[in-house]
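J.: If you count the sequence shown from 1, position 89 lands on 108 in the working numbering, and the numbers rise without skipping. Yeah, the Cβ is synthetic: ideal placement off N, Cα and C, and Gly gets one too. Here it is: the structure, laid out below.
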Amino acid sequence: MTELLYQTDSYLQEFDAKVTSTLTAERAVVLDHTAFYPGGGGQPYDFGTLTVDGATYPVNKVKKQGDDVLHYLGGDLPVPSAGSASHGTVDWTRRYQLMRTHTALHVLCGTVFRDYGALVTGGDMEPLKGRMDFEFERMRGELVRDIEAAVNKEVAQAHEIRVKILPREEAFQIPDLIRTKINLLPEGIMQVRTVEIVGLDLQADGGTHVHNTSEVGAIRVVDYKSKGAINKRIYIEVV
Ligand SMILES: [Zn+2]
20 MTELLYQTDS
30 YLQEFDAKVT
40 STLTAERAVV
50 LDHTAFYPGG
60 GGQPYDFGTL
70 TVDGATYPVN
80 KVKKQGDDVL
90 HYLGGDLPVP
100 SAGSASHGTV
110 DWTRRYQLMR
120 THTALHVLCG
130 TVFRDYGALV
140 TGGDMEPLKG
150 RMDFEFERMR
160 GELVRDIEAA
170 VNKEVAQAHE
180 IRVKILPREE
190 AFQIPDLIRT
200 KINLLPEGIM
210 QVRTVEIVGL
220 DLQADGGTHV
230 HNTSEVGAIR
240 VVDYKSKGAI
250 NKRIYIEVV
């Protein structure tokens, strides 16, 4: 089982960890804890490096498998054995861009829900660009500039972002979480991580976010597509 350090400290860039098991054929190691984000909720996995006994391996891919996080190592040095001490370093430039982008998408989501009552059905991101899908029948091209201005106003208002890990029963009593389909969480999940943009948005979310919306910078709505009468897709860039 890998402890997920990024869940409580998204700004952690380096960490010491023990290799708890090794998948030699796949060149992957499991660590006792990690700051590497393994992907999920539309946010891609991190890149970085892992150093063991003076040898530095590129981390090319990170994946969650059950309660373990697998770190896939590049290069051709032998894969470190279980029990080794290691030092991990996250590619911070990329990760911080993803944090700004992820928070920007939540600001978009909160603003569109507040102003138009439109619910999110999905989303995806790369560093500094992303898209969100909404059930948003009234969406049309003329709204693009209004949405962009409303989102940038919220970003500039410097909302604090709070992350909490709550017992399932407590999270299920928060009305704002119901609209993000928290009721679909599998029964075995006893704790729910919530990400709140204070005054704007509250979601069950596993991703990494900045501490304050002012860190996002500004967003541009670069495109929008109609995926039918109800489903609309909005594309943003973070600048
Ligand atoms: Zn999210």
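Can you look up K172 in the DSSP assignment and give me helix, strand or coil?
T.: Residue state, collapsed to three classes: helix.
J.: For L124, count the other beta carbons within 10 Å of its own beta carbon; 16 or more makes it buried, fewer makes it exposed. Which is it?
T.: Buried, since its Cβ has 16 or more Cβ neighbours within 10 Å.
J.: Going by DSSP, what residue range makes up the alpha helix (DSSP H) through H228?
T.: Taken as a continuous stretch (DSSP letters only), H228 belongs to no alpha helix (DSSP H), as it is neither H nor E.
J.: Less than 7 Å separating the Cβ of G141 from some heavy atom of ligand 1?
T.: False, no ligand heavy atom lies under 7 Å from that Cβ.
J.: Any idea what DSSP makes of P63, helix, strand or coil?
T.: The answer is coil: DSSP assigns P63 none of H, G, I, E or B.
J.: If I follow the unbroken beta strand (DSSP E) through E33, where does it start and stop?
T.: Here the beta strand (DSSP E) through E33 covers 33-42.
J.: Take every Cβ of the stretch 144-151, pair it with every Cβ of the stretch 60-74, and state whether three or more of those distances are shorter than 8 Å.
T.: At 8 Å Cβ cutoff, the stretches touch.
J.: So, do the stretch 47-59 and the stretch 93-109 have three or more beta carbon pairs nearer to each other than 8 Å?
T.: Short answer: they touch.
J.: Would you mind stating whether V214 and H228 have Cβ atoms separated by less than 8 Å?
T.: Yes, Cβ-Cβ distance for V214 and H228 is below 8 Å.
J.: For ligand 1, is there a heavy atom less than 7 Å away from the beta-carbon of H52?
T.: No, the beta carbon of H52 sits no closer than 7 Å to any heavy atom of ligand 1.
J.: Quick one: is S105 buried, meaning 16 or more other Cβ sit within 10 Å of its Cβ, or exposed?
T.: Buried is the call here.
J.: Along the chain, where does the alpha helix (DSSP H) that runs through F132 open and close?
T.: Unbroken alpha helix (DSSP H) run through F132: 111-135.
J.: In the DSSP assignment, what residue or residues form a beta bridge with G142?
T.: Beta-bridge pairing links G142 to M151.
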